[in-house]
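2 protein chains.
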Amino acid sequence: MDDLTEPLIQGDRRALSRAITLVESTRADHRDRAQRLLDGLPDRQALRIGLSGTPGVGKSTFIESFGRMLTGQGMRVAVLAVDPSSTRSGGSILGDKTRMELLSRDPRAFIRPSPSSAQLGGVARRTREAVRLCEAAGHDVVLIETVGVGQSETLVAQMSDLFVLLLAPAGGDELQGVKRGIMEMADLILVNKADGELLSPARRTVADYAGALRLLRRRIQDPDGFPKALAVSATTGDGLGDAWDQMRALADWRRDHGHFARIRAEQARDWFMAELRAGLLARLDAPAARARIDAMGRDVAQGRRAPVAAAASVLDWLDRAGAD
Amino acid sequence: MDDLTEPLIQGDRRALSRAITLVESTRADHRDRAQRLLDGLPDRQALRIGLSGTPGVGKSTFIESFGRMLTGQGMRVAVLAVDPSSTRSGGSILGDKTRMELLSRDPRAFIRPSPSSAQLGGVARRTREAVRLCEAAGHDVVLIETVGVGQSETLVAQMSDLFVLLLAPAGGDELQGVKRGIMEMADLILVNKADGELLSPARRTVADYAGALRLLRRRIQDPDGFPKALAVSATTGDGLGDAWDQMRALADWRRDHGHFARIRAEQARDWFMAELRAGLLARLDAPAARARIDAMGRDVAQGRRAPVAAAASVLDWLDRAGAD
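Residue numbers (the numbering used here), protein chains in the order written: chain A, 1 to 324; chain B, 325 to 648.
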């Protein structure tokens with residue numbers, strides 16, 4: 001058994017941190033150790049909540065208030081970030097824990113910034129494994145947050161039990177700014193900043209989104225009234241309790257109707273297929289393959305080889321190299 | 325030499341049709357023959373024009389008028405369609421040649437509907453090869469049209485020398501409806517239906533898009549004034565001559581400055597890489613692999629195997645199977 005296993009199961013935050021660092025590493029020995037560690041962990045379940053919100057909707061404040069409400073009820077909460085842009089922007093969205101000052105000092109909370117990785121696929125693998133580590137460490141809720149760059153929302157939805165979209169109050173025209181595909185993934189739309197002068201606009205925005213949600217195709221795993229739009233204020237805390245009640249109600253309903261287990265089973269299968277494809281394609285990155293592909297790519301660019309014939313030749317070579 | 329080679333080079337339409345049918349086939353012997361045929365063809369170049377326009381902008385009428393103008397000048401024109409949705413909608417966008425009645429009977433024109441294929445990757449490969457066949461058959465211009473579903477516009481841009489976006493006159497608010505990524509790919513935006521009552525709205529729309537294009541990052545391969553927005557009317561023919569002049573001017577400028585060859589070289593390299601990845605992933609579809617993956621997928625779904633470990637086990641098996 002790995003040295004980290006026991007403290008991790010006991011909920012030791014440093015052990016969890018170190019385990020996630022192993023999971024994020026690209027070193028082969030780290031990956032091997034991470035895999036053995038993951039294989040030896042008990043199968044605990046947290047409620048996995050995917051949370052998307054663009055900058056400006058008050059996502060940090062929401063996570064801070066919502067997370068504190070849950071820890072205040074005795075629950076343990078982990079926050080993970082999926083931000084494929086973090087390499088480009090030079091820093092993770094969660095890099096600075098001062099973003100959530102109170103929650104980061106809360107002994108019942110665990111916050112982990114997004115790893116800097118050039119590839120969304122790499123972030124996906126790491127996050128899926130980090131979620132499992134957080135579950136094994138005894139967290140009741142794992143919040144997986146994303147800024148919604150490119151495909152990151154789809155990815156987060158694919159590893160969550162519930163998907164929550166956080167929005168700011170807006171004029172009716174801006175409703176179309178939310179991509180239809182994102183709307184269709186959302187189980188709950190929360191319109192934040194529903195306080196002070198923005199209370200009325202927030203309520204109108206909720207009504208607009210509620211109307212838009214009714215127009216979307218009904219999903220079979222949804223009970224009456226879902227997907228739903230609600231107003232919340234991360235600043236005053238208004239509506240956060242209701243939002244949590246709705247999340248729990250939906251999760252319970254899905255559990256009772258067998259959808260919860262079915263969704264997780266499908267997600268596990270998708271993860272397996274993604275790993276399989278990534279693992280196969282990784283063969284193109286081995287140094288010997290890389291050199292051959294680069295040389296062939298130059299031939300193709302200079303018109304000395306046809307693209308399809310060049311690809312066939314590299315595939316043949318890979319077969320022979322594999323057979324050696 | 326293949327029986328089709330000589331008639332194809334002579335510009336025989338039936339030979340070209342049959343060659344494209346080979347290219348579209350999934351049968352191994354057809355694919356082999358198609359590959360040999362492609363390898364034995366002379367390296368002729370047409371101007372490849374990618375054309376995107378959603379239903380309702382008058383794309384068929386535009387292709388008919390624009391194509392007839394070119395054939396009227398003695399040029400030979402091929403029209404290919406990329407429509408990944410054609411399987412879903414039950415028929416190709418070009419399936420019915422009555423869409424372009426005059427052009428389809430024009431001896432200097434060749435029109436080929438989109439193949440029905442479930443996968444965009446398959447459509448991409450076939451279209452790239454069909455473009456080469458049309459070039460070898462002596463066409464001067466190959467129009468590659470798409471309805472702009474999903475990633476099809478990116479795909480078409482990746483196999484074209486020029487990318488043209490066809491739009492209808494619209495209110496200023498609708499400008500945002502065109503995705504920024506598509507705007508960034510366009511070398512020329514043509515606002516169609518600039519005739520009769522729509523002439524003024526069309527001109528305003530042109531001005532709106534011209535303004536929006538100026539805000540986009542300047543591409544190094546663009547001469548002054550490009551990307552450009554123009555008004556055209558496929559019905560009256562107004563502006564079509566100017567549009568063609570602009571396309572030629574841009575292509576000539578790129579040729580003179582070495583960008584044309586560079587872009588084609590990059591596209592050939594991208595195609596090679598896409599073929600390589602697709603060829604590698606196709607190993608997962610072999611019957612023996614399929615059976616193993618399905619069984620493993622069930623184990624993963626039922627929680628008997630961890631996704632990552634299951635993927636590693638299949639990859640090991642593939643290695644051993646390859647070595648046999």
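Virtual Cβ for every residue (Gly too), placed ideally from N, Cα, C. Source: prediction; values computed, not measured.
Which residue marks the beginning of the beta strand (DSSP E) containing A/E197, and which one marks its end?
A/E197 -> no beta strand (DSSP E), and no H or E assigned at all.
To the nearest angstrom, how far is it from the Cα of A/L284 to the Cα of A/T26?
The alpha-carbon atoms of A/L284 and A/T26 are separated by roughly 16 Å.
Per DSSP, A/G72 is paired with what?
Residue pairing by DSSP places A/G72 in no beta bridge whatsoever.
Beta-carbon proximity of B/A630 to A/L8, cut-off 8 Å:
8 Å or more divides the Cβ of B/A630 from the Cβ of A/L8.
Excluding sequence positions up to five away, which residues of its chain have a Cβ less than 6 Å from the Cβ of A/F66?
Annotation for A/F66: L240 place their beta carbon closer than 6 Å to its own, counting only its chain and skipping 5 residues before and after.
Going by beta carbon distance, what residues of the same chain come within less than 6 Å of B/P431, once the five residues before and after it are set aside?
Correct list: empty, nothing qualifies.
Taking the alpha-carbon of B/L426 as reference, which of B/T385, B/R456, B/P437, B/G398 has the nearest alpha-carbon?
Of the candidates B/T385, B/R456, B/P437, B/G398, the residue whose Cα lies closest to the Cα of B/L426 is B/T385.
Within 10 Å of its beta-carbon, does A/G90 have 16 or more other beta-carbons around it, so buried, or fewer, so exposed?
Its pLDDT being 37, under 50, A/G90 is placed unreliably in this model, and the value from its coordinates should be taken loosely. Counting Cβ neighbours within 10 Å, A/G90 comes out exposed, since fewer than 16 surround it.
Pull up the DSSP beta-bridge partners for B/I373, would you.
B/I373 is bridged to B/L467, B/L486.
For a quick check, are the C-beta atoms of B/L486 and B/M507 less than 8 Å apart?
No. Outside cutoff.
Interface residues of chain A facing B/R601 [CB-CB closer than 8 Å]:
Under the 8 Å cutoff, chain A gives L281, L284.
What are the residues that DSSP puts in a beta bridge with A/A78?
As a beta-bridge residue in DSSP terms, A/A78 pairs with A/F110, A/V142.
Quick one: what does DSSP say A/L4 is sitting in, helix, strand or coil?
DSSP, read as helix, strand or coil, puts A/L4 in coil.
Check B/V515 in the structure and name its three-state DSSP category.
DSSP places B/V515 in strand when its eight states are reduced to three.
Could you tell me whether the Cβ atoms of A/E135 and A/M100 are closer together than 8 Å?
Their beta carbons are not under 8 Å apart, which means A/E135 does not touch A/M100 by this criterion.
Assign A/R262 to one of two classes, buried (16 or more other C-beta atoms within 10 Å of its C-beta) or exposed (fewer than that).
By the neighbour-count rule (16 or more Cβ atoms within 10 Å), A/R262 is not buried but exposed.
Using C-beta distances below 6 Å, list every residue in its chain close to A/T71, excluding the 5 sequence neighbours before and after it, in chain order.
V77, D106, R108, A109.
Enclosing beta strand (DSSP E) for A/A231 [first to last residue]:
Where A/A231 is concerned, the enclosing beta strand (DSSP E) starts and stops at 228–231.
Give the interface partners of A/M185 over in chain B, defined as CB-CB distance under 9 Å, in chain order.
The contacting residues do not exist; A/M185 stays about 17 Å from chain B at best.
According to DSSP, which residues form a beta bridge with A/L167?
DSSP output for A/L167 lists A/V191 as bridge partner(s).
Using 8 Å as the Cβ pair cut-off and three pairs as the minimum, do the stretch 237–254 of chain A and the stretch 602–617 of chain B touch?
In short, these stretches do not touch, since the Cβ pair count stays below three.
Taking C-alpha atoms, which residue in A/Q45, A/A212, A/R264, A/A311 lies nearest to A/A289?
The candidate whose alpha carbon is nearest that of A/A289 is A/A311.
Return yes when the Cβ of A/D242 is within less than 8 Å of the Cβ of A/L230, no when it is not.
Contact: yes.
Indicate whether B/G374 and B/I468 have their beta-carbon atoms separated by less than 8 Å.
The answer is yes: Cβ separation under 8 Å.
Residues of its chain near A/G138, where Cβ-Cβ distance is below 7 Å and the 5 sequence neighbours each way are ignored
Closer than 7 Å at Cβ, skipping near neighbours: G11, R44, R76.
Do you know how far the Cα of A/S114 is from the Cα of A/V178?
Cα to Cα, A/V178 sits roughly 24 Å from A/S114.
Which first and last residues belong to the alpha helix (DSSP H) in which B/T478 is found?
For B/T478, the enclosing alpha helix (DSSP H) has its first and last residue at 476–481.
Which residues in chain A sit within 7 Å of B/A635, going by Cβ to Cβ distance?
The answer, in chain order, is F272, E275, L276, G279.
Exposed unless 16 or more other CB atoms sit within 10 angstroms - verdict on B/D643
Around the beta carbon of B/D643, fewer than 16 other beta carbons lie within 10 angstroms, which makes this residue exposed.
If I follow the unbroken alpha helix (DSSP H) through A/V300, where does it start and stop?
Its alpha helix (DSSP H) spans residues 287–301.
A/R305 in three-state terms, based on DSSP
Three-state DSSP puts A/R305 in coil, outside helix and strand.
For B/G364, which of B/E477, B/A343, B/P379 has the nearest alpha-carbon?
Ranking the options by Cα distance to B/G364, first place goes to B/A343.
Is any beta-carbon of chain A found at less than 8 Å from that of B/D356?
No - not a single Cβ of chain A is within 8 Å of the one on B/D356.
Please give the ranges of any alpha helix (DSSP H) in the stretch 342–372 of chain B, keeping only runs that are unbroken, at least 4 residues long and fully inside the region.
Note on the stretch 342–372 of chain B: whole alpha helix (DSSP H) runs with a minimum of 4 residues are 352–363, in chain order.
With distance defined between alpha-carbon atoms, name the residue in B/V465, B/T345, B/A531 nearest to B/V447.
Ranking B/V465, B/T345, B/A531 by Cα distance to B/V447 puts B/T345 first.
Going along chain B in order, which residues have a C-beta closer than 8 Å to the C-beta of A/A306?
By Cβ distance, chain B contributes L362, D363.
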